[in-house]
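Below: the structure, in structure tokens.
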Amino acid sequence: MTASRVPRAIRELAKTELHQHLDGSIPPELMWRMLSRHGLNPVPNYEAMERRLVLQPDEEGSLLAYLDKFHYPLWITQFYENIQAVAEAIVRETLRHGVTTLELRYSPVIHTFAGLTVRQSIRAVLSAINRVRVDHPELRAGLVVIAMRQHGPHIAKILARQTVGEAEHLHERAGVVGFDIAGPERGNPPRLFREAFDVARAGGLGVTVHAGEDAGPDYIWQAVDELGAHRIGHGCSAVRDPELLRRLARDGVVVECCVPSNYQTAAVAAGEPHPLPALLDAGVPVAICTDNTTVSRTDQDIESARVAAMLGDAGVETVRGIHREASRASFIGRTRPGALAR
Ligand SMILES: [Zn+2]
388 MTASRVPRAI
398 RELAKTELHQ
408 HLDGSIPPEL
418 MWRMLSRHGL
428 NPVPNYEAME
438 RRLVLQPDEE
448 GSLLAYLDKF
458 HYPLWITQFY
468 ENIQAVAEAI
478 VRETLRHGVT
488 TLELRYSPVI
498 HTFAGLTVRQ
508 SIRAVLSAIN
518 RVRVDHPELR
528 AGLVVIAMRQ
538 HGPHIAKILA
548 RQTVGEAEHL
558 HERAGVVGFD
568 IAGPERGNPP
578 RLFREAFDVA
588 RAGGLGVTVH
598 AGEDAGPDYI
608 WQAVDELGAH
618 RIGHGCSAVR
628 DPELLRRLAR
638 DGVVVECCVP
648 SNYQTAAVAA
658 GEPHPLPALL
668 DAGVPVAICT
678 DNTTVSRTDQ
688 DIESARVAAM
698 LGDAGVETVR
708 GIHREASRAS
718 FIGRTRPGAL
728 AR
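Reading the sequence shown from the start, the letters are residues 388 to 729 in our numbering.
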């Protein structure tokens with residue numbers, strides 16, 4: 388699917404983006420300008436830089452190649468103004484694709500290498516959202532804070548404590564709405580992070596967990612049963628477990644589906660059908676998400692069109708319904724202790 392092939396009916400839909408990472412969504416032109424300004428360009432020209440940021444066709448199906456795309460953004464996103472600038476560019480770009488509800492996500496700890504505190508690192512993104520909302524007060528937007536699995540449960544708990552201080556309901560304007568874990572799944576089961584999520588939930592934050600992307604359905608069960616997940620990031624392996632599908636459907640646990648990245652990281656094997664239609668058939672609510680717009684060279688229009696095409700005749704109407712329901716599943720405006728069920 389390419390931008391030029393997105394049907395008008397999709398372009399005009401009001402869309403909900405619940406799973407988009409800041410680091411993988413920085414416009415390459417902006418990255419190039421910032422690296423040049425800081426004298427940090429690792430390559431001689433823009434085209435070479437773009438190849439380092441966008442997954443190339445011969446790199447598809449390799450998790451390592453995918454993760455390598457997150458290397459250079461961290462060189463410049465260590466300073467308040469830079470984080471603010473890239474976040475503002477990303478939020479403005481989503482508006483061009485009809486996004487009316489946006490949850491951006493971000494791991495503040497890996498943006499503190501030059502001395503920012505975690506709270507400053509979070510506020511840099513929030514302040515960017517607030518800047519955009521000056522011109523676009525209709526945009527519903529918030530931040531999901533990610534703890535990296537490889538930093539361990541103790542750092543995750545400390546991060547959760549700091550994050551609840553930036554929860555949306557404690558502030559006048561945009562705030563943190565959710566808490567998540569990401570990073571290498573296997574060997575780092577969700578249950579290790581239980582205390583961090585207890586802190587996050589007690590602080591009123593929504594809970595979403597990257598689970599079942601590179602690991603089996605047992606990790607999704609843990610995310611739901613032990614971390615109290617309201618939503619699951621990726622959740623590809625859920626389709627292998629009918630009982631889990633019934634559970635997700637019963638409790639309305641939304642699976643945030645990111646179609647292109649699932650093939651690029653080999654979470655779904657090349658040639659295999661994507662689990663999204665099977666999840667819908669099982670009554671599991673889904674959201675259509677971009678994950679990383681730069682790495683996957685995509686946007687919310689392209690992803691919505693891709694899913695509509697996947698669903699056949701009633702595709703556009705189904706996609707409209709998915710975005711409407713996903714908007715209701717957003718944590719924005721719901722971050723008071725006890726406000727989110729489960
Ligand atoms: Zn993700």
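Glycine included, each C-beta is placed from N, C-alpha and C at the ideal position.
For residue 720, the nearest candidate out of 529, 654, 577 and 535 (CA to CA): 529
Check: residue 620 C-beta below 7 Å from any heavy atom of ligand 1: yes
Neighbourhood of residue 565 by C-beta, 6 Å cutoff - its chain only, sequence neighbours within 5 removed: 531, 592, 593, 595 and 718
Check: residue 605 C-beta below 7 Å from any heavy atom of ligand 1: no
Helix, strand or coil at residue 609 [DSSP, three-state]: helix
Where residue 618 falls: helix, strand or coil (DSSP): strand
Residues near residue 726 in its chain [Cβ-Cβ closer than 7 Å; skip 5 each side]: 591
Spatial distance of residue 421 from residue 463 (CA atoms): 7 Å
beta-carbon residue 688 near ligand 1 non-hydrogen atom, thresh 7 Å: no
Same chain, Cβ closer than 7 Å to residue 571, neighbours up to 5 away in sequence not counted: 536 and 537
Heavy atom of ligand 1 within 7 Å of residue 661 beta-carbon: no
Heavy atom of ligand 1 within 7 Å of residue 678 beta-carbon: yes
Proximity to residue 439 [Cα-Cα], best of 457, 425, 426 and 423: 457
For residue 634, the nearest candidate out of 670, 649, 602 and 643 (CA to CA): 670
Counted within 10 angstroms of its Cβ, other Cβ atoms place residue 391 as buried (16 or more) or exposed: exposed
Near ligand 1: residue 653 beta-carbon under 7 Å from a heavy atom: no
C-beta atoms of residue 690 and residue 677 nearer than 8 Å: yes
Boundaries (first-last residue) of the alpha helix (DSSP H) holding residue 541: 539-551
Where residue 489 falls: helix, strand or coil (DSSP): strand
DSSP bridge partner residues for residue 623 (one or two, in chain order): Answer is none; residue 623 lacks a bridge partner.
Assigned secondary structure, residue 496 (DSSP; H/G/I helix, E/B strand, else coil): helix
Limits of the alpha helix (DSSP H) - the one that residue 448 falls within: Element bounds for residue 448: n/a, residue is neither H nor E.
8 Å contact criterion, which residue 486 and residue 515 should meet: CB distance rounded: Not a contact, Cβ separation roughly 15 Å.
Buried or exposed (CB count within 10 angstroms, at least 16 for buried), residue 496: buried
Any non-hydrogen atom of ligand 1 within 7 Å of residue 597 CB: yes
Ligand 1 heavy atom lying under 7 Å from the CB of residue 617: no
Backbone secondary structure at residue 715 - three-state DSSP: helix
Cβ neighbour criterion (16 or more within 10 Å) applied to residue 504: exposed
Whether residue 425 touches residue 470 by CB criterion (8 Å): no
Nearest-angstrom Cα separation, counted from residue 651 out to residue 599: 15 Å
Bridge-paired residues (DSSP) for residue 359: Since the displayed the chain opens at 388 and closes at 729, residue 359 lies outside it and no answer follows.
Residue 625 Cβ short of 7 Å to ligand 1 heavy atom set: no
Proximity to residue 472 [Cα-Cα], best of 441, 686 and 518: 518
Any non-hydrogen atom of ligand 1 closer than 7 Å to residue 569 Cβ: yes
Proximity below 8 Å, CB of residue 551 to CB of residue 587: yes
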